[in-house]
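**Student:**
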Amino acid sequence: MSNRLASLDAFRGFTIAAMLLVNNPGDWGNLYGPLAHAKWHGWTFTDWIFPFFVFISGISMTLSLGRRAALGDSKQALLVQALRRGATIVLIGLLLNLIPQFDFANLRWPGVLQRLGLCTMLAAPLVLWLDWRRQLLAALALLVSYSLLLLCVAVPDAAGVVHVGSLNPGEDTGAWLDRLLMDGHLWKQARTWDPEGLLSTLPAVASLIAGALAGHWLASRREPAHKAMGFMVGGLACLWLGQLGDAWLMPINKSLWTPPYVFAMAGWACLVFGSFYWLLDAQPSQLWRERAARWGRPLIVFGMNALFLFAFSGLVAKLMGFFKPGGRSLKAWAYEPIQALGLAPVNASLLYAIAFVAVMYGVAHFMWSKKWFVKV
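Count along the sequence shown from 1, add 34, and you get the number used in the numbering used here.
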């Protein structure tokens, strides 16, 4: 697996483009249902995005660390590098939370990049020293342990009422732990719980290991068509397990990152990535792969600088809301011409999001054309 996988770049690009779309509507009060997170239990298209990033990290970790270990790099040195990379991602996330007010007293400590960095650091030793079977057992152990903590431990809510096994907002074990350790530094829309809290990072590590297992499958000596079929079958099996868990264990829930959510999102990740892999890397015809690569080039361009675009787009969106020349934010100025088109509010909001994605694609294409690839 020494050659770069076009399908992995395209899958990463699809995920970052989807993130840009759902994170930047013109008006948060006017959204199509799939472009918002599920209110609590359940899932939407938007709930694909974060676990897809985690799954991609697992694939990349297996392929890159495995390749470098095969070239003779020591596992200890690779671990140090992975820990450094994870810590850097955490720091970038904290910096983005600080900007633009730099209010340290009320800084939100958790976040998407913080969780991604923690998952990288926690999973790296498992990927480096365990074979795929032991990695699978480790992931299952994390999910079982997390389920027991959620369902069997008595904890007080923010008002002091004790609950056992409650999965309502702010009443679960993870919310109690976050209030205990990070009170005053949680998601401002909730304050008593955080969707990227500490305890639910454990099942997120299992999501990363699912990606690592997919990386092992990719690195195997099987025929590409066999691998693509394996992703389809594995994806459907994980979806079935997710739905089974939703019916019998606990609901699919992104904020709690429940085990059924882990299985369901791993299933969708396998199906979507498997489709990209079939189109871009597994086709026996070179001509077909070249045509597919031309079709998929915008996604590949996005995927080559995904982490930079994640951070840069978040910074741009924050600054557009913060700066208010003439008493109106830069975002309001940019959104006004779209609103003047006379579209339904939900369509105007979507058109603004599409325009934001297009601008970010311009940035990504410029960097790609200059061969500027930002890595951590």
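Note that CB positions come from ideal geometry on N, CA and C, so glycine has one too. In this text the structure is predicted, and so the values were computed from the model without any measurement.
1. Under a Cβ-count criterion, where at least 16 other Cβ atoms within 10 Å of its own Cβ denotes burial, should S36 be classed as buried or exposed?
2. Looking only at DSSP bridge pairs, what is A188 linked to?
3. Exposed or buried, which one is A158 when buried takes at least 16 other CB atoms within 10 Å?
4. Quick one: what does DSSP say N287 is sitting in, helix, strand or coil?
5. Once you ignore the five residues that flank A44 on each side, which residues in its own chain have a CB closer than 7 Å to its CB?
6. Suppose the cutoff is 8 Å on Cβ atoms and the five residues either side in sequence are ignored; what does the same chain contact list for P59 look like?
7. According to the Cβ coordinates, are P293 and S181 closer than 8 Å?
8. Compute the Euclidean distance between the alpha carbons of G264 and E230, then round it to the nearest angstrom.
9. Buried or exposed, going by whether 16 or more other CB atoms sit within 10 Å of the CB of Q320?
10. To the nearest whole angstrom, what separates the beta carbons of P301 and G276, a pair I think is in contact under 8 Å?
11. From what residue to what residue does the alpha helix (DSSP H) around R256 run?
12. Measuring CA to CA, which of A316, F357, F84 is closest to A262?
13. If we require 4 or more residues per run, which alpha helix (DSSP H) segments fall completely within the stretch 209-274?
14. Taking I50 and F344 to be in contact with their CB atoms under 8 Å, please state how far apart those CB atoms are, rounded to whole angstroms.
15. Between M53 and the rest of its own chain, which residues show a CB-CB distance below 6 Å, the 5 nearest in sequence each way excluded?
16. Per the DSSP calculation, H75 is bridged to which residue(s)?
17. Hey, V161 and M216 are a contact pair by Cβ (cut 8 Å); roughly how many whole angstroms apart?
18. For the candidate residues F136, Q110, A121, whose alpha-carbon lies nearest to that of F356?
19. Within the same chain, show all residues whose beta-carbon is closer than 6 Å to that of G127, passing over the 5 residues directly before and after it, in chain order.
20. Under three-state DSSP, which class holds R331?
21. What's the call for F400, buried or exposed, on a 16-neighbour Cβ count within 10 Å?
22. D228 and L220 - do their beta-carbons sit closer together than 8 Å?
23. If you count every other CB in all the chains shown that lies within 10 Å of the CB of R167, and 16 or more means buried, which is it?
24. Rank N339, I243, D206, L132 by C-alpha distance to the C-alpha of K405 and give the top, closest one.
25. E370 lies in the alpha helix (DSSP H); which residues open and close that run?
26. Evaluate the contact criterion for the stretch 150-157 versus the stretch 115-127: three or more CB pairs, one atom per stretch, below 8 Å.
27. Which of helix, strand or coil does DSSP assign to S36?
28. For K358, which of helix, strand or coil comes out of DSSP?
29. How many Å lie between F48 and G92 at the Cα?
30. Whose C-alpha, out of F390, K358, T207, is nearest the C-alpha of P190?
31. What are the boundary residues of the alpha helix (DSSP H) that K404 is part of?
32. Could you pull out every residue in the same chain whose Cβ sits closer than 6 Å to the Cβ of W402, ignoring the five residues on either side in sequence?
33. Between which residues of its own chain and G249 is the CB-CB distance below 6 Å, once the five residues before and five after are set aside?
34. Which residues in the same chain have their Cβ closer than 7 Å to the Cβ of D212, if we skip the five residues on either side of it in sequence?
**Tutor:** According to the structure shown:
1. Its pLDDT being 42, under 50, S36 is placed unreliably by the model, and nothing is read from it.
2. DSSP lists V198 as partners of A188.
3. buried
4. strand
5. F310, L314, G330, L333, I334, G337
6. L65, L69, S383, L384, Y386, A387
7. yes
8. 31 Å
9. exposed
10. Inspection of the sequence shows that residue 301 is occupied by Gly rather than by Pro. Yes, they are in contact, since the Cβ atoms of G301 and G276 sit about 6 Å apart, within 8 Å.
11. No alpha helix (DSSP H) holds R256; DSSP gives it neither H nor E.
12. By alpha-carbon distance to A262, the top candidate from A316, F357, F84 is A316.
13. 235-253
14. 6 Å
15. I83
16. N287
17. Contact flag wrong, Cβ pair sits at about 28 Å.
18. F136
19. Taken in chain order, the residues that qualify are G145, L147, Q148.
20. Helix.
21. Flag for F400 reads exposed.
22. yes
23. exposed
24. N339
25. 364-373
26. yes
27. Because S36 carries a pLDDT of 42, less than 50, the predicted location of this residue cannot be relied on, and the following value inherits that uncertainty. Note: S36 maps to coil in three-state DSSP.
28. coil
29. So the alpha carbons of these two residues sit roughly 17 Å apart.
30. Here the closest residue by C-alpha is T207.
31. Unbroken run through K404: none, as it is neither H nor E.
32. V335, M338
33. I93, T96, L97
34. L220, W227, D228, G231, L232
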